[in-house]
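K.L.:
The numbering used here puts the first residue of the sequence shown at 1, with every later residue one more than the last. Every residue gets a Cβ at the ideal spot worked out from N, C-alpha and C, and that includes glycine. Owing to the predicted nature of the structure, the values given are computational and were not obtained by experimental measurement.
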Amino acid sequence: MSKAWLTICAAAGFGVLTAGVAWAWSLLQPEWTAEEQAAQWALNRSPVAHITFHDVFTGDGLQEVFAGTDVFGRPWVVVVRPGDALPAAVPAPRLLTRAQAIQVAQKTGITVQSAHLGYLFPELRRTFHTRAALVWEVLGWYKGRLTDSYFDAESGRWIWQYVS
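1. How big is the Cα-Cα spacing for Trp-76 and Arg-131?
2. Using the Cβ count rule (16 or more neighbours within 10 Å means buried), how would you classify Ser-149?
3. Note down the Cα distance separating Val-163 from Gly-59, rounded to an integer number of angstroms.
4. Would you mind giving the Cβ-Cβ distance between Pro-91 and Val-80, rounded to the nearest angstrom? I have them listed as a contact below 8 Å.
5. Fully enclosed by the segment 29-54, which alpha helix (DSSP H) runs are 4 residues long or longer?
6. State the DSSP-derived secondary structure class of Leu-139, mapped to helix, strand or coil.
7. Can you find a C-beta in chain B that's less than 8 Å from the C-beta of Leu-17?
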């Protein structure tokens with residue numbers, strides 16, 4: 001009897017585990033599909049031939065950000081926003097690196113938690129009174145309060161800051 005009981009419990013446990021994995025997969029699959037489609041869009045409609053990095057920017061709507069190289073090995077950054085006809089593609093050497101953006105933010109007194117590169121569309125550029133299209137969004141702490149700051153990705157110039 002105990003051997004049968006052990007077999008039944010093992011089978012039930014395996015069934016629950018399988019159901020849990022299937023449930024988790026169903027939750028993650030749409031996100032992976034969206035990222036895969038954005039990557040394909042970037043590869044098909046920009047100079048990038050090989051993607052080396054991916055990030056998500058949410059500062060001006062949801063954007064998929066890819067870094068990669070063209071067929072000649074030159075580095076590029078490509079920003080894909082759902083619904084746009086073409087992605088924004090910029091030669092990477094024109095932009096501050098993540099480490100440089102963090103350093104710029106730290107000089108202003110921000111204790112940095114994260115930094116994300118993204119594209120500001122014209123509506124938000126008008127709101128922020130800037131001409132910068134590519135920005136670093138830096139999240140962190142400023143004087144003990146949570147802050148969300150934007151810096152021009154080319155010059156490092158401070159654009160806008162929200163402190164809660």
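P.N.:
For this structure:
1. Rounded to whole angstroms, Trp-76 and Arg-131 show a C-alpha spacing of 21 Å.
2. Ser-149 is buried by the Cβ-count criterion.
3. 15 Å
4. So it is not a contact: roughly 17 Å between Cβ atoms.
5. none
6. strand
7. Among the protein chains of the structure shown there is no chain B, as only one such chain exists.
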